[in-house]
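Each remark here refers to the structure printed beneath this line.
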Amino acid sequence: LRMMGTAAEAKNDDFISDLSFIKFNKLYSKKFNTTLDPNWLGWFVGFSEGDGYLGINENRPVFVLTEKESKILHEIRDILQFGYVKDFGKFSRFIVRDQANIILLFYLFNGNLHIKHKINQLIRWSSLLNKNNNLLNVITKPVKLSFNNSWLSGFVDAEGCFNVYVSKTNKSISLRFIVDQQYGLSLFNDLRDLLDSGSIYARKNENYRFAITNLNKLRLVIEYFNVYMLRTKKTISIWKMTSILQLCFK
1 LRMMGTAAEA
11 KNDDFISDLS
21 FIKFNKLYSK
31 KFNTTLDPNW
41 LGWFVGFSEG
51 DGYLGINENR
61 PVFVLTEKES
71 KILHEIRDIL
81 QFGYVKDFGK
91 FSRFIVRDQA
101 NIILLFYLFN
111 GNLHIKHKIN
121 QLIRWSSLLN
131 KNNNLLNVIT
141 KPVKLSFNNS
151 WLSGFVDAEG
161 CFNVYVSKTN
171 KSISLRFIVD
181 QQYGLSLFND
191 LRDLLDSGSI
201 YARKNENYRF
211 AITNLNKLRL
221 VIEYFNVYML
231 RTKKTISIWK
241 MTSILQLCFK
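Residue numbers (full-length UniProt numbering): 1 to 250.
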């Protein structure tokens with residue numbers, strides 16, 4: 001692992017200030033006669049930026065979420081009311097292929113993505129969709145990373161982990177919050193700026209790791225997840241870390 005240097009602070013006008021699901025919910029309600037909770041939608045966008053793929057198959061847009069934990073994919077399917085889950089033994093996939101629902105996902109992601117690589121995938125979607133008389137304009141500015149919405153909780157459910165390490169020699173305990181992501185350098189610089197702490201490591205093939213061990217900053221992270229809760233089995237890991245942190249500050 002190679003540790004990265006400090007990032008320069010980005011200007012606020014380089015970002016969209018916050019998530020917005022007004023356009024998506026307006027279109028969604030026409031089809032399903034209901035709207036979806038913005039907190040869940042923010043989580044879903046973050047989760048999709050972590051483990052989702054806005055791909056093209058047979059010259060048609062396709063959305064694929066790949067997970068070992070199939071339960072969360074079935075929950076997503078039940079909440080969205082479209083797409084399907086396919087099991088492959090050791091992993092499962094949530095897949096959306098039909099154009100009407102791909103367009104719904106376009107409006108859900110457009111203006112709410114943070115990672116440039118995913119914004120580029122959305123641009124490729126729009127190029128295909130616009131051939132069928134759709135007028136879809138991609139918002140290319142990333143959304144600003146914030147502790148005031150649920151995006152990060154979804155992203156961490158996809159790409160994060162909470163490590164508790166007990167030394168065999170002196171029985172000391174170390175706690176680490178880790179997030180891994182390919183093409184994640186810009187995101188991790190923003191996360192480090194937000195927390196004013198943390199280390200970024202370069203790995204192979206444009207993969208990066210963000211890690212934080214400072215106990216006071218870990219408390220801030222835990223406080224965020226108490227408001228914007230995780231939805232996968234990682235809730236067990238964060239519960240264990242929370243219990244140990246409470247002991248550390250007694």
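Glycine residues also receive a C-beta, built at the ideal position from the N, C-alpha and C atoms.
As the structure is a computational prediction, the values presented were derived from the model and not from experiment.
Note to self: For a test of the three-state rule: what should DSSP assign to Gly83, helix, strand or coil?
What the structure shows: Here DSSP, grouped into helix, strand and coil, assigns Gly83 to coil.
Note to self: Please state whether the Cβ-Cβ distance between Phe32 and Gln99 is less than 8 Å.
What the structure shows: no
Next item on the list: Give me whichever residues DSSP pairs with Arg124 in a beta bridge.
Entry: Answer is none; Arg124 lacks a bridge partner.
Notebook entry, point to check: Of all the options Met229, Ile103, Phe24 and Asp193, which has the alpha carbon lying nearest to the alpha carbon of Asn133?
Noted result: Ile103
Item checked: Cut-off 7 Å between Cβ atoms - residues of its own chain near Ala8, not counting five sequence neighbours on either side -> Unreliable positioning characterises Ala8 in this predicted model, as indicated by a pLDDT of 38, which lies under 50. The coordinate reading is nonetheless provided below. No residues qualify anywhere along the chain.
Checklist line | Cα-Cα separation between Ala10 and Val62, rounded to whole angstroms | finding: Caution applies to Ala10, whose pLDDT of 46 falls short of 50 and renders its modelled position unreliable; the value that the coordinates give is listed next. Answer to the nearest angstrom: the Cα atoms are 33 Å apart.
Notebook entry, point to check: Using CA coordinates, which residue listed in Arg77, Asp190 and Leu175 is at the minimum distance from Thr242?
Noted result: Of the listed residues, the one whose Cα sits closest to Thr242 is Leu175.
Next item on the list: For my contact list, Phe91 and Lys68 are in at a C-beta cut-off of 8 Å; report their separation, rounded to the angstrom.
Entry: 5 Å
Margin query: Three Cβ pairs or more, each shorter than 8 Å: is that satisfied between the stretch 157-175 and the stretch 216-233?
Written below: yes
Next item on the list: Please work out which residues of its chain come closer than 6 Å, Cβ to Cβ, to Phe147, disregarding the five sequence neighbours upstream and downstream, and give them in chain order.
Entry: Tyr224
Margin query: By the DSSP assignment, the alpha helix (DSSP H) with Phe44 in it spans what residues?
Written below: It spans Pro38 to Asp51 - the alpha helix (DSSP H) in which Phe44 sits, taken as one unbroken run.
Next item on the list: Note down, in chain order, each residue of its chain lying with its Cβ closer than 6 Å to the Cβ of Gly42, except the 5 sequence neighbours on either side.
Entry: Leu19, Asn149, Ser150 and Trp151
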